[in-house]
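K.L.:
Below is the structure I would like to discuss, written out as structure tokens.
2 protein chains.
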Amino acid sequence: MENGISAEKCRNSIKALEDAMYVIGGKWTLRVIIALKDGHTRFNDIQRTIDGISAKVLSSVLKDLEENGFVKRKVDIGVPIVVEYELLPYAETLQEVLSALVSWGEMHREKVIRKQEELV
Amino acid sequence: MENGISAEKCRNSIKALEDAMYVIGGKWTLRVIIALKDGHTRFNDIQRTIDGISAKVLSSVLKDLEENGFVKRKVDIGVPIVVEYELLPYAETLQEVLSALVSWGEMHREKVIRKQEELV
DNA sequence: GTAAGTAGTAACCTTTAGGTTAGTAAATGA
DNA sequence: TCATTTACTAACCTAAAGGTTACTACTTAC
Chain A
-16 MENGISAEKC RNSIKALEDA MYVIGGKWTL RVIIALKDGH TRFNDIQRTI
34 DGISAKVLSS VLKDLEENGF VKRKVDIGVP IVVEYELLPY AETLQEVLSA
84 LVSWGEMHRE KVIRKQEELV
Chain B
-16 MENGISAEKC RNSIKALEDA MYVIGGKWTL RVIIALKDGH TRFNDIQRTI
34 DGISAKVLSS VLKDLEENGF VKRKVDIGVP IVVEYELLPY AETLQEVLSA
84 LVSWGEMHRE KVIRKQEELV
């Protein structure tokens, strides 16, 4: 385990893991991405879709998503002004992570439920 | 999008996602799992392996991992008492999540670096 | 005339994960 | 003999993520 190459590799994997968690590990980040995927493109629409999120938090999540290249903010200057948030292709790169997390989460929940039933 | 079945499915996926993030989303959780995978089984050994983790935090992470069925705590009553933490097979179910996160993190970092280089 | 919707921001507060320091008690090493 | 190692725990503190409330200025609907 302690030869140079594999230790280096291991450190890189950990770094990558932490980078990923930093970007998508927020409480609301993935939910906002899912809402956008689901076709909700406007601020209040997204907020209504995601139960419990506040305007302040949604605003900051959207800014982070923009900075990270997941989302484009489009402003239509009209009457009234309409702002739309559009998922960029880069968001699709998360697909594997998302589905791995979802299927693990489902599996884990079933396990937890089985365990609880055993205790009854 | 708004028919009953797919909305229900969507809500379940989100729930699963949140469950997963709740279990593995802590700052140190995945790193502790990796250290255990790497063959570090004893408390101080793990702590030395993971740069920056405190005894208090390691202790609580290990307790959570035990509760979630990832880890078994084994006590050898001898002189001195030796405690060993052993990864259970259940931890292997995380493999897909881990590798998806690592490869996404690597890809994302490269993208960020490229972007920074463009700016120079 | 007033309520509600548009997309947010400002100021403030709370919660909690995590960090810091110190200490246990017995054993080994220098 | 003094420091170090073992596996932690207790008490305390901090930072930051997130929550709450109120407000903007304009428009449409009732």
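Going down the list, the protein sequences come from chains A and B. Mapping of the first sequence onto this note's numbering: position 29 corresponds to residue 12, and the numbering continues sequentially without gaps. Mapping of the second sequence onto this note's numbering: position 48 corresponds to residue 31, and the numbering continues sequentially without gaps. For glycine and all other residues, C-beta sits at the position ideal for the given N, C-alpha and C.
1. Quick one: give me the first and last residue of the alpha helix (DSSP H) that R97(B) is part of.
2. Taking all protein chains shown into account, do 16 or more other C-beta atoms lie within 10 angstroms of the C-beta of L84(B), making it buried, or fewer, making it exposed?
3. Do I29(A) and H23(A) have their C-beta atoms closer together than 8 Å?
4. Got a sec: which bits of the region 43 to 66 of chain A sit with their beta carbon under 7 Å from any beta carbon on chain B, in order along the chain?
5. May I ask which residues mark the beginning and end of the alpha helix (DSSP H) holding L71(A)?
6. State yes or no: is the beta carbon of W11(A) nearer than 8 Å to at least one beta carbon in chain B?
7. Within 10 Å of its beta-carbon, does I60(B) have 16 or more other beta-carbons around it, so buried, or fewer, so exposed?
8. For Q78(A) and L0(B), what's the separation of their Cα atoms in angstroms?
9. What do you get for G88(B), buried or exposed, if any count of 16 or more other CB atoms within 10 angstroms of its CB means buried?
10. Can you pull the chain A residues whose beta carbon is under 7 Å from the beta carbon of I96(B), in chain order?
11. Taking A3(A) as the query, report the chain B residues whose CB atoms sit under 8 Å from its CB, ordered along the chain.
12. Measuring alpha carbon to alpha carbon, tell me which residue in Y68(B), L41(B), S(-11)(B) and D2(B) is nearest I96(A).
P.N.:
Looking at the coordinates:
1. It spans Q78 to L102 - the alpha helix (DSSP H) in which R97(B) sits, taken as one unbroken run.
2. Here L84(B) is buried, its C-beta having at least 16 other C-beta atoms within 10 Å.
3. For I29(A) and H23(A), yes; Cβs fall inside 8 Å.
4. Answer in chain order: no residues at all.
5. Run containing L71(A): none; DSSP gives neither H nor E here.
6. For W11(A), the nearest beta carbon of chain B is not closer than 8 Å to its own beta carbon.
7. Counting the other Cβ atoms within 10 Å of the Cβ of I60(B) gives fewer than 16, which makes it exposed.
8. For Q78(A) and L0(B), the distance between alpha carbons rounds to 13 Å.
9. Buried, because 16 or more other Cβ atoms sit within 10 Å of the Cβ of G88(B).
10. None at all; the shortest Cβ gap to chain A is about 11 Å.
11. Neighbours of A3(A) in chain B, taken as residues whose beta carbon is under 8 Å from its own, are L84, V85, W87, G88 and H91 in chain order.
12. Taking only the C-alpha atoms, the option nearest I96(A) is D2(B).
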